[in-house]
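*Asks:*
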Amino acid sequence: MKKIVLMFVLLAGIASTPAIAKPYISGSVGLGMPGDWDEVEHHEKFDSSAAWNGAIGYSFGSYRLEAALGYENPNYKNDSSADASILTVMANGYYDIDTNSKITPYLMAGAGIADINVSWWTANSSTSFVWQVGAGVGLKGNDHVTFDLGYRYIRPEGLECPEDHSNVSWSSHHIMAGVRYQF
Numbered sequence: 004m005k006k007i008v009l010m011f012v013l014l015a016g017i018a019s020t021p022a023i024a025k026p027y028i029s030g031s032v033g034l035g036m037p038g039d040w041d042e043v044e045h046h047e048k049f050d051s052s053a054a055w056n057g058a059i060g061y062s063f064g065s066y067r068l069e070a071a072l073g074y075e076n077p078n079y080k081n082d083s084s085a086d087a088s089i090l091t092v093m094a095n096g097y098y099d100i101d102t103n104s105k106i107t108p109y110l111m112a113g114a115g116i117a118d119i120n121v122s123w124w125t126a127n128s129s130t131s132f133v134w135q136v137g138a139g140v141g142l143k144g145n146d147h148v149t150f151d152l153g154y155r156y157i158r159p160e161g162l163e164c165p166e167d168h169s170n171v172s173w174s175s176h177h178i179m180a181g182v183r184y185q186f
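Under the numbering used here, think of the first position of the sequence shown as 4, with each following residue one higher.
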């Protein structure tokens, strides 16, 4: 319950923006490279898979705040019929480094919740706090469109197997390409 309240507070903060903020939407797709899945009963390796992300946010010049929805669906390396799915809802902050050019490097960090399903769990899913950090570069196409190439490290915390409540250790690396449209 605390995690859900935290998400509503973060999203409410994003929604209550001053008049100088410029709204934007963004979408990206890329390569999700999940790390090993470690828990008491299982140690699994995953294949890389497509990762998707969509966001709405506000730009405040060098700073951006956004609410984002992400998804990836990796298969196990040793069994192509077994898989996992990870759905994230995040509040992200960005710092755009002004270079006085069309190329703008950035740093980012975010926090939120992750709903994780794995095929060997008999319970439906596990929900946990998740955080991410990343960096990338934006290439301004025109006054409204920016193309983006970035890296993200994503890690759930306090993740438990819903069957036996054992601790789970897992993380994922994403290389993403996308586009941002600023209104």
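We put the CB at the ideal spot given by N, CA and C, even for glycine.
All values derive from a computational prediction rather than experimental measurement.
Report all residues from its chain with a CB closer than 7 Å to the CB of SER172; omit the five preceding and five following residues, and keep chain order.
*Replies:* Hits under 7 Å: ASP41.
*Asks:* I'd like the span of the beta strand (DSSP E) that includes PRO159, first residue to last.
*Replies:* 148 to 160
*Asks:* If you drop the 5 nearest sequence neighbours on each side, which residues of the same chain put their C-beta closer than 7 Å to that of TYR98?
*Replies:* Hits under 7 Å: SER65, TYR66, TYR109, LEU110.
*Asks:* Could you tell me how far apart the beta carbons of GLY35 and GLU69 are, in whole angstroms, since I believe they sit closer than 8 Å?
*Replies:* Not a contact, Cβ separation roughly 19 Å.
*Asks:* Between ILE119, MET93, TYR184, which has its C-alpha nearest LEU162's C-alpha?
*Replies:* The residue with the shortest Cα to Cα distance from LEU162 is ILE119.
*Asks:* If you draw a straight line from the C-alpha of PHE49 to the C-alpha of ASP146, how long is it?
*Replies:* 40 Å
*Asks:* What residues in its chain sit with their C-beta under 6 Å from that of PRO159, if we drop five residues either side in the sequence?
*Replies:* Here the set comprises ALA117, SER131, VAL133.
*Asks:* ALA94: buried (16+ other C-beta within 10 angstroms of its C-beta) or exposed?
*Replies:* buried
*Asks:* With a Cβ-Cβ cutoff of 9 Å, do SER128 and ASP86 count as a contact?
*Replies:* Cβ distance not < 9 Å, so SER128 and ASP86 don't count as in contact.
*Asks:* Which residue or residues does DSSP assign as beta-bridge partners of ASN95?
*Replies:* GLU69, GLY113
*Asks:* Nearest-angstrom Cα distance between TYR156 and MET179?
*Replies:* 11 Å
*Asks:* Excluding five sequence neighbours on each side, which residues of the same chain lie with their C-beta closer than 6 Å to the C-beta of VAL182?
*Replies:* PHE150
*Asks:* For GLY60, which option in ALA71, VAL92, SER52 has the closest C-alpha, if you only look at C-alpha atoms?
*Replies:* By alpha-carbon distance to GLY60, the top candidate from ALA71, VAL92, SER52 is ALA71.
*Asks:* Starting from the C-beta of GLY33, find all residues in its chain whose C-beta is less than 7 Å away, skip the five residues before and the five after it, and write them out in chain order.
*Replies:* ALA54, HIS177, ILE178, MET179, ALA180
*Asks:* If distances are taken between C-alpha atoms only, which option among ASP101, ILE28, HIS46, THR102 comes closest to ASN56?
*Replies:* ILE28
*Asks:* Under three-state DSSP, which class holds VAL43?
*Replies:* VAL43: coil per DSSP, three-state reduction.
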